[in-house]
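Participant: Dumping the structure here so I can ask a few things about it.
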Amino acid sequence: MVILMKQILFIAPSEEVATRAHEIIARKKIAVDVKLGAIEKARKIAEKAINSGVKVIISRGGTASELRKIIDIPVIDVKFSSGCYIEAFEKIRNIRGKIAFFSIEEIQDNVKSLCYILDVEAEYYRFYNEATAEAAVKQAIQSGNVLGVGGAVTAKYAKLYGLKYITLENTREDIEVSLDAAEITLTSLNMEEARRKSLQLQLERYEAIFNYTHDGIIAIDKYGKVEVVNKQAEEILPLEGKPYEGKFIEDVLPSTKLLTTLKNGETETDELMKVGNSIINTNRIPIIIDSKVEGVVATFRDIESIQLSEQKIRSNLHKKGMVSKYRFADMIGTSEAIQKTIRIAKSYAKSHSNVLLLGEIGTGKEMFAHSIHRDSKRRNCPFVTVNCASISSVGLLADLQGYEENACPFGAKGKKEGLFELAHGGTMFLDKIDEAPLEVQTFLLRVLEDKEVRRIGGDHVIPVDVRIIAASSKDLLHEMEAGRFLEELYYMLGVLILEIPPLRKRGGDYVLLCDYWFRREFGAEFKQYEEKIKEIGQYVNENTWKGNIRQLSNFVERVSVLLRSGESVEDIVYTMPQVQIYEPKELADVTMKKWTRSDIIKALSESRLNVSKAARLLHCSRSTLYKKMEEFNIKITNIK
464 MVILMKQILF IAPSEEVATR AHEIIARKKI AVDVKLGAIE KARKIAEKAI
514 NSGVKVIISR GGTASELRKI IDIPVIDVKF SSGCYIEAFE KIRNIRGKIA
564 FFSIEEIQDN VKSLCYILDV EAEYYRFYNE ATAEAAVKQA IQSGNVLGVG
614 GAVTAKYAKL YGLKYITLEN TREDIEVSLD AAEITLTSLN MEEARRKSLQ
664 LQLERYEAIF NYTHDGIIAI DKYGKVEVVN KQAEEILPLE GKPYEGKFIE
714 DVLPSTKLLT TLKNGETETD ELMKVGNSII NTNRIPIIID SKVEGVVATF
764 RDIESIQLSE QKIRSNLHKK GMVSKYRFAD MIGTSEAIQK TIRIAKSYAK
814 SHSNVLLLGE IGTGKEMFAH SIHRDSKRRN CPFVTVNCAS ISSVGLLADL
864 QGYEENACPF GAKGKKEGLF ELAHGGTMFL DKIDEAPLEV QTFLLRVLED
914 KEVRRIGGDH VIPVDVRIIA ASSKDLLHEM EAGRFLEELY YMLGVLILEI
964 PPLRKRGGDY VLLCDYWFRR EFGAEFKQYE EKIKEIGQYV NENTWKGNIR
1014 QLSNFVERVS VLLRSGESVE DIVYTMPQVQ IYEPKELADV TMKKWTRSDI
1064 IKALSESRLN VSKAARLLHC SRSTLYKKME EFNIKITNIK
């Protein structure tokens, strides 16, 4: 038998026993560690080994006895056989005088017989621990014994008090017997542990099912006495007289129908009953053994809980893109404009009304939509995003409505839930609502008015409860006048209107945003580029940022890439067309076509002949300036 893990430890009392043990372990190919030690040292070795996973220890005599007192795993004793004493008797044959035999157990009768046959004057001493071992050696010396025979424990005290001593060494047979016993013990322990773990796992599985199911559960025996009640049953039902186990069910739950089921043996499912202000769904199932009703198990669930579970299932079916990703705390900005907008948005989150978000491209309308949902009572329900400009009206309607088997307008097989079904109980974010085709607008208006949807090819309507948050970067009133947006839909969506300020009206928020994004881009490398980032920041503080936060974010990402590639600040700034550099008033109207030789010389003079700074003043790149300087035959040396 091969044991893979070293879960057996052999603590040998001497080098001789350790050597023999190693030889046997190698021959038998078993996983056993061998350590050298006795009594106190053995105790420390054993404690460390147990912490490392050892399950069985082999030792001898007094050491084994002491270990059993302090550890709670099996200790196998290496017994002294007659063979051990025969080797000792060869050494003491010619010794005259009394010889003391020490043992933690009663000396074997065959050893006493050998002493009698060989005419050895012997005395026998038993001990139980180190203290009694020391006392036994002292007593043997006082009694006139000239030699001691025994194990490692008494050998220590014989040496201490000057008594000649022969240490008994176990034979290979003794050691092999103990190793076999340890293997058998370990196998038994592992089998028992596996069985115990299996039972524990089974018990915990049953307890988890019993206590963490959504259903309340009550079981009674054939006499109508309660056997088990779980926590959910306590919460759902008005039970009396805790603890309930062992009591008659009518004393715990008056007016129960469990006794009726116990009597007639008929299963009853999905029965609705009113308990207080709640409607409870009930199932009663008889336990029938050999055609006899031996008990009844009943389950109870609050209808409201069922509805909540349905919402969670709907949410989890399509989690990708159907959970909110942002919250108000993620928004960066301290300006009064953005803080006021956040305050209004938070108040809107507490309402169930539809919200219309208005703002320029890139102002963060989607982030506000996510945050409003995250802060609302619908936060644990789906958040479904719909881009109204992404696909054709036919495809968008198919996504919103869903379709039955073989009714997909594009010929796809199977059926599909519509986005309104998936958003049931939650929020739908209609991004770019201003670009929704009129057919889609008409459909949206009908769903919002009727609060129901019919799948394409379906023969029944599906009730839906969805809050709408819509976003537009266009003036919807103008779109209405142009006939591109339904007036009724505008008023249906715009119950609550939130105008999100552009970046140019948010004061110094762009500085905070840049700092946040640069730190995110560079991570631990930020300090390395911090000075260059500050230098770039002073060049762009007058940019109008028509693309708002999105444009600014792209700018930061581009700058980060170029800085890492080793580009200079000047090259980075002047190769970015979206960056509008601040210009001195006297040069503000100068364009490249209108530049004169004197304009360039003036810029070079003001910049103290620094071409990069002169290019900055002229709002061009260095290469453009060099071309113009060549055109006008301007050389730095000419104007010094």
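Just add 463 to wherever you are in the sequence shown, counting from 1, and you've got our numbering.
Cβ coordinates follow ideal geometry from the N, Cα and C atoms, glycine included.
Using the DSSP secondary-structure output, state which residues sit across from Asn-744 in a beta bridge.
Facilitator: Note: Asn-744 sits in a beta bridge opposite Leu-735, Arg-764.
Participant: Pull the bridge partners of Val-692 from the DSSP assignment, please.
Facilitator: According to DSSP, Val-692 bridges with Ile-681.
Participant: Going by DSSP in three states, Ala-852 sits in which element: helix, strand or coil?
Facilitator: Reduced to three states, the DSSP call for Ala-852 is coil.
Participant: Would you call the stretch 501-509 and the stretch 482-493 touching, i.e. three or more CB-CB distances under 8 Å?
Facilitator: Touching, no.
Participant: Expressed to the nearest angstrom, what Euclidean distance is found between the alpha-carbon atoms of Glu-880 and Glu-655?
Facilitator: Taking the straight line joining both Cα atoms gives about 52 Å.
Participant: Closer than 6 Å by C-beta to Lys-968: which residues in its own chain qualify, once you throw out the five before and the five after it? Chain order, please.
Facilitator: The residues are Ala-800.
Participant: Just how far apart, CA to CA, sit Lys-561 and Leu-581?
Facilitator: Those two C-alpha atoms are separated by around 13 Å.
Participant: Using the rule of at least 16 other Cβ atoms within 10 Å of the residue's Cβ for burial, across every protein chain shown, is Leu-991 buried or exposed?
Facilitator: Note that residue 991 corresponds to Gln in the displayed sequence, not to Leu. Gln-991 should be labelled exposed.
Participant: Just the C-alpha distance for Ala-501 and Lys-469, rounded to the nearest angstrom, thanks.
Facilitator: One C-alpha to the other measures close to 21 Å.
Participant: For Glu-698 and Leu-735, what's the separation of their Cα atoms in angstroms?
Facilitator: Roughly 17 Å separates the two Cα atoms.
Participant: Which runs of the beta strand (DSSP E), 3 residues or longer, sit entirely within the stretch 594-639?
Facilitator: You should have 608-613, 627-630.
Participant: For Ile-488, which residues in the same chain have their Cβ closer than 6 Å to its Cβ, ignoring the five residues on either side in sequence?
Facilitator: Excluding positions up to five away in sequence, the list reads Val-495.
Participant: Looking at Lys-997 and the ligand FAD, is the gap between the Cβ and the nearest heavy atom below 7 Å?
Facilitator: Because no ligand of any kind appears in the structure shown, any question about the ligand FAD cannot be addressed here.
Participant: Should Tyr-587 and Gly-611 be called a contact, given that it needs their Cβ atoms to be closer than 8 Å?
Facilitator: In this structure, Gly-611 does not lie closer than 8 Å to Tyr-587 by Cβ.
Participant: Spatial neighbours of Leu-652 within its chain, please: C-beta separation below 8 Å, excluding the five flanking residues on both sides.
Facilitator: Only Lys-518, Val-519, Pro-537 meet the Cβ criterion.
Participant: Which first and last residues belong to the alpha helix (DSSP H) in which Leu-472 is found?
Facilitator: Careful: Leu-472 lies outside any alpha helix (DSSP H), inside the beta strand (DSSP E) at 471-475.
Participant: Suppose contacts are defined by Cβ-Cβ distances below 8 Å. Is Asp-897 in contact with Leu-939 by that definition?
Facilitator: Taking 8 Å as the Cβ cut-off, Asp-897 and Leu-939 qualify as a contacting pair.
Participant: Label Ser-535 either buried or exposed according to how many other C-beta atoms from any shown protein chain fall within 10 Å of its C-beta, with 16 as the threshold for buried.
Facilitator: Before going further, note that residue 535 is Asp rather than Ser in the sequence given. So Asp-535 ends up on the exposed side.
Participant: Could you pull out every residue in the same chain whose Cβ sits closer than 6 Å to the Cβ of Val-609, ignoring the five residues on either side in sequence?
Facilitator: These residues qualify, in order along the chain: Gly-560.
Participant: Is Asn-693 buried or exposed, if buried means 16 or more other CB atoms sit within 10 Å of its CB?
Facilitator: Classification of Asn-693: buried, given that the 10 Å Cβ count is 16 or more.
Participant: Under DSSP, the alpha helix (DSSP H) around Glu-942 begins and ends at which residues?
Facilitator: Per DSSP, Glu-942 belongs to the alpha helix (DSSP H) from 939-944.
Participant: Considering only their Cβ atoms, is the gap separating Asn-817 from Ile-931 smaller than 8 Å?
Facilitator: Contact flag set, yes.
Participant: Go ahead and pull the three-state DSSP assignment for Ser-544.
Facilitator: Coil, per DSSP.
Participant: For a test of the three-state rule: what should DSSP assign to Lys-504, helix, strand or coil?
Facilitator: Three-state DSSP puts Lys-504 in a helix.
Participant: What is the rounded straight-line gap between the Cα of Glu-1033 and the Cα of Ser-1075?
Facilitator: Taking the straight line from one Cα to the other gives about 7 Å.
Participant: In this structure, what does DSSP give as the bridge partners for Phe-564?
Facilitator: The partner list for Phe-564 (beta bridge, DSSP) reads Tyr-587, Val-612.
Participant: Starting from Ser-936, trace the alpha helix (DSSP H) both ways and give me its first and last residue.
Facilitator: That residue, Ser-936, is in no alpha helix (DSSP H); it is neither H nor E in DSSP.
Participant: Taking all protein chains shown into account, do 16 or more other C-beta atoms lie within 10 angstroms of the C-beta of Leu-664, making it buried, or fewer, making it exposed?
Facilitator: By the 10 Å Cβ count, Leu-664 comes out exposed.
Participant: Identify whether Glu-998 lies in helix, strand or coil by the three-state DSSP scheme.
Facilitator: Note: Glu-998 maps to helix in three-state DSSP.
Participant: Under a Cβ-count criterion, where at least 16 other Cβ atoms within 10 Å of its own Cβ denotes burial, should Val-600 be classed as buried or exposed?
Facilitator: Counting Cβ neighbours within 10 Å, Val-600 comes out buried, since at least 16 surround it.
Participant: Quick one: is Ser-839 buried, meaning 16 or more other Cβ sit within 10 Å of its Cβ, or exposed?
Facilitator: Its Cβ being crowded by 16 or more others within 10 Å, Ser-839 is buried.
Participant: Looking at C-beta atoms only, is the number of pairs between the stretch 539-548 and the stretch 590-599 that lie closer than 8 Å three or more?
Facilitator: The answer is no - the stretch 590-599 does not touch the stretch 539-548, with fewer than three Cβ pairs under 8 Å.
Participant: Just the Cα atoms here: how many angstroms apart are Thr-1127 and Tyr-979?
Facilitator: No statement about residue 1127 is possible, as the shown extent of the chain runs from 464 to 1103 and does not include it.
Participant: Please confirm if the stretch 782-796 is in contact with the stretch 754-769, defined as three or more CB-CB distances below 8 Å between the two stretches.
Facilitator: No: fewer than three Cβ pairs fall under 8 Å.
Participant: Return the first residue and the last residue of the beta strand (DSSP E) that Ile-521 is part of.
Facilitator: 519-522 is the extent of the beta strand (DSSP E) around Ile-521.
Participant: So, for Ser-856: in the same chain, excluding its five sequence neighbours on each side, which residues have a beta-carbon less than 7 Å away from its beta-carbon?
Facilitator: Counting only Cβ-Cβ distances below 7 Å, and skipping sequence neighbours, we find Pro-900, Glu-902, Val-903.
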